[in-house]
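Undergrad: Numbering (our numbering), first residue to last: 11 to 348.
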Amino acid sequence: MSEEPIVIVGAGVIGLTCAHHLALKGYKNIRIVAKEYPTTDAYSKNFASSGVFTHHKLNHLETTLHELNEATYQHFKVLSKYSDTSISFIDCVDSFPIDANYSASTEFEDSESVVSISESSSINIGYNYSTWTLNPLSYITWLEYQLKEVYKIKCDKSELKSLKQVEELYNPKTIVNCTGMGLQYDGSWDPSCYSAKELSLLIKSSKLGTIEPVHAYNIHLSNNIVCYRVPRESENDSVIGITSDTLSCYNNQLSAKEAINILKEAFPELLVDGWFDIKRFNVKMKHSRKGGIKIGRQVLESSVNIIDCYGFGNHDFELSWGASCEVMRLICGLKSKL
């Protein structure tokens, strides 16, 4: 295997997954450089990859991104055998407005159509399928452990000012740019990137109503907004929140009060005397990009390859392994499918 040095900038789920993929393929001369890591900075507001819970959702991603989604889904099936990853598979029901014109068969062959799952006149078509769910902090901590302790990958803690600084400090053959906001060679940031709030609530589910705690639920509303509920079966709690089924982030436009009111309408069966029994209020900044994710390669005059891989917004975990596959293609000199 080539020993040409590779530096990965960023230690969120995308950067750690790219490093893990390289390590699994036998690459050894890998170094990660990041300001924040899961084991030391998980509760930093700007460390986007940690959170309460995340899961796979049916969505409106373009066809090429569905391939990344499917690759991650299949990879997580393998990783779910290891309890430390926190990955498990449960049943999930997604409901859509009647005029959504959406078919889950574009994602998974085993999805089952469910008709009239809601009494609402605007939402009465849904799909039942198997979804993965994980604890983000547990998963990325597992990735960091694998890289440091199993594969002995060097991990430097540093706040970089530019990708040029990476070239000067480490003299790599390849720089994999997994910075959430798209750090550039000259020290600027990708002007198409932006941050948006991702809000979720950990609530006590003592009043379950008609919804069984062993299922996850996603309710797709207008404007590509999705209200989700993921059970934490071991504690009889649920994580509820608002996200988007595209790569754009909509939470930045919502106040906490507005978001909670939307969740109240979506999950009235979880209310106790008109309120959620909130155990934790979680806000994270997700880094998205106008025009979609950026995965591509550029070659500097010095012959250093820069491979960009950022801008995933709310879909960082869902696309993580698939994105690392595209990075592998580019490192091997092949064209990306995107």
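We put the CB at the ideal spot given by N, CA and C, even for glycine.
#1: Which ranges would you report for the beta strand (DSSP E) in the region 281-343 if only whole runs of at least 3 residues count?
#2: Report the three-state DSSP secondary structure of P278 (helix, strand or coil).
#3: Quick check on S202: does DSSP put it in helix, strand or coil?
#4: Any idea what DSSP makes of T184, helix, strand or coil?
#5: Can you grab the Cα-Cα spacing for the pair E13 / C102, in whole Å?
#6: Should N261 go down as buried or exposed, given a rule of 16 or more other Cβ atoms within 10 Å for buried?
#7: Run the CB neighbour count on G192, radius 10 Å, all protein chains shown included, and call it buried at 16 or more, exposed below.
#8: Kindly indicate which three-state DSSP category D94 falls into: helix, strand or coil?
#9: Any contact between the region 193-209 and the region 30-41? By contact I mean 3 or more CB pairs, one from each, below 8 Å.
#10: Could you give the distance in angstroms between the alpha-carbon of W331 and the alpha-carbon of E275?
#11: Using CA coordinates, which residue listed in T50, T49, C28 is at the minimum distance from T82?
#12: Rounding to the nearest angstrom, what Cα-Cα distance links N187 and V249 in this structure?
#13: What residues are listed by DSSP as bridge partners for E208?
#14: Taking its Cβ as the centre, do 16 or more other Cβ atoms sit within 10 Å of T50, making it buried, or is it exposed?
#15: Mind checking N145: buried by the 16 CB within 10 Å criterion, or exposed?
#16: With 16 other CB atoms within 10 Å as the buried threshold, where does Y238 fall?
#17: Figure out for me which residue from S202, T141, Y195, I97 has the closest Cα to the Cα of K300.
#18: Measuring alpha carbon to alpha carbon, tell me which of Y149, V282, R339 ends up nearest K214.
#19: In this structure, does DSSP put A44 in helix, strand or coil?
#20: Taking all protein chains shown into account, decide if V240 is buried (16 or more other Cβ within 10 angstroms of its Cβ) or exposed.
#21: Just to confirm the assignment, what range does the alpha helix (DSSP H) spanning I24 have?
#22: Indicate the three-state DSSP secondary structure (helix, strand or coil) for L75 in the structure shown.
#23: Would you say I235 faces chain B, with C-beta separation under 8 Å as the test?
#24: Which residue or residues does DSSP assign as beta-bridge partners of S157?
#25: Which class does Y137 belong to by DSSP, given the choice of helix, strand or coil?
#26: Do P278 and I16 come within 8 Å of each other at the CB atom, strictly closer than that value?
#27: S198 to L170, Cα distance in whole Å?
#28: Can you name the start and end residues of the beta strand (DSSP E) that I235 belongs to?
TA: Let's see:
#1: 288-299, 304-309, 315-320
#2: The residue labelled residue 278 in the question sits at position 268 within the sequence shown. When secondary structure is reduced to three states using DSSP, P278 falls in the helix class.
#3: Position 192 of the sequence shown, counted from the start, is the residue given in the question as residue 202. Coil at S202, not helix or strand.
#4: Walking along the sequence shown from the start, residue 184 turns up at place 174. In the structure shown, T184 sits in a strand (DSSP, three-state: E or B).
#5: For the purposes of this step, residue 13 is taken as residue 3 along the sequence shown, with counting starting at 1. For the purposes of this step, residue 102 is taken as residue 92 along the sequence shown, with counting starting at 1. Near 44 Å, if we compare the C-alpha coordinates of C102 and E13.
#6: Here residue 261 corresponds to residue number 251 of the sequence shown, with the count starting at 1. In this predicted model, N261 has a pLDDT of only 48, less than 50, meaning its place in the structure is not dependable; the value taken from the coordinates is given anyway. Buried, since its Cβ has 16 or more Cβ neighbours within 10 Å.
#7: As a working note, residue 192 is residue 182 in the sequence shown. Classified as buried, G192 has 16 or more neighbouring CB atoms from the shown chains inside 10 Å of its CB.
#8: Numbered from 1 along the sequence shown, position 84 holds the residue referred to as residue 94. Note: D94 maps to helix in three-state DSSP.
#9: no
#10: As a first step, residue 331 must be located in the sequence shown, where it is residue number 321. As a first step, residue 275 must be located in the sequence shown, where it is residue number 265. Rounded to whole angstroms, the gap between the alpha carbons of W331 and E275 is 34 Å.
#11: Position 72 of the sequence shown, counted from the start, is the residue given in the question as residue 82. The shortest C-alpha separation from T82 is found at C28.
#12: Taking the sequence shown and counting its residues from 1, one reaches residue 187 at position 177. Taking the sequence shown and counting its residues from 1, one reaches residue 249 at position 239. Those two C-alpha atoms are separated by around 31 Å.
#13: As a position in the sequence shown, residue 208 is number 198, starting the count at 1. Bridge partners of E208: K294.
#14: Residue 50 sits at position 40 when you count from the first residue of the sequence shown. Exposed, by the Cβ-count rule.
#15: Within the sequence shown, numbered from 1, the residue matching residue 145 stands at position 135. Flag for N145 reads buried.
#16: Position 228 of the sequence shown, counting from 1, holds the residue named residue 238. It counts as buried.
#17: Locating residue 300 in the sequence shown gives position 290, counting from the first residue. Nearest C-alpha to K300: S202.
#18: Stepping through the sequence shown from its first residue, residue 214 is reached at position 204. Per the Cα distances, V282.
#19: Residue mapping note: residue 44 aligns to position 34 of the sequence shown, counting from 1. It is a strand residue.
#20: In the sequence shown, residue 240 corresponds to position 230, counting from 1. Per the 10 Å Cβ criterion, buried.
#21: Taking the first residue of the sequence shown as 1, we reach residue 24 at position 14. Residue range 23-34 is occupied by the alpha helix (DSSP H) that includes I24.
#22: For the purposes of this step, residue 75 is identified with residue 65 of the sequence shown, where counting begins at 1. Correct three-state label for L75: helix.
#23: Considering every chain present, this structure includes no chain B. It has just one protein chain.
#24: The residue you call residue 157 lines up with position 147 of the sequence shown. At residue 157 the sequence reads Leu, which differs from the Ser that was named. Its beta-bridge partners do not exist; DSSP assigns none.
#25: Translated into positions along the sequence shown, residue 137 becomes position 127. The answer is strand: DSSP assigns Y137 an E or B state.
#26: Residue numbering aside, residue 16 sits at position 6 when the sequence shown is read from its first letter. Residue numbering aside, residue 278 sits at position 268 when the sequence shown is read from its first letter. Result no, Cβ atoms of I16 and P278 do not sit closer than 8 Å.
#27: Mapped onto the sequence shown, residue 198 falls at position 188. Mapped onto the sequence shown, residue 170 falls at position 160. The alpha-carbon atoms of S198 and L170 are separated by roughly 11 Å.
#28: Reading the sequence shown from its first residue, position 225 is the one you call residue 235. Counting along the chain, the beta strand (DSSP E) containing I235 begins and ends at 235-242.
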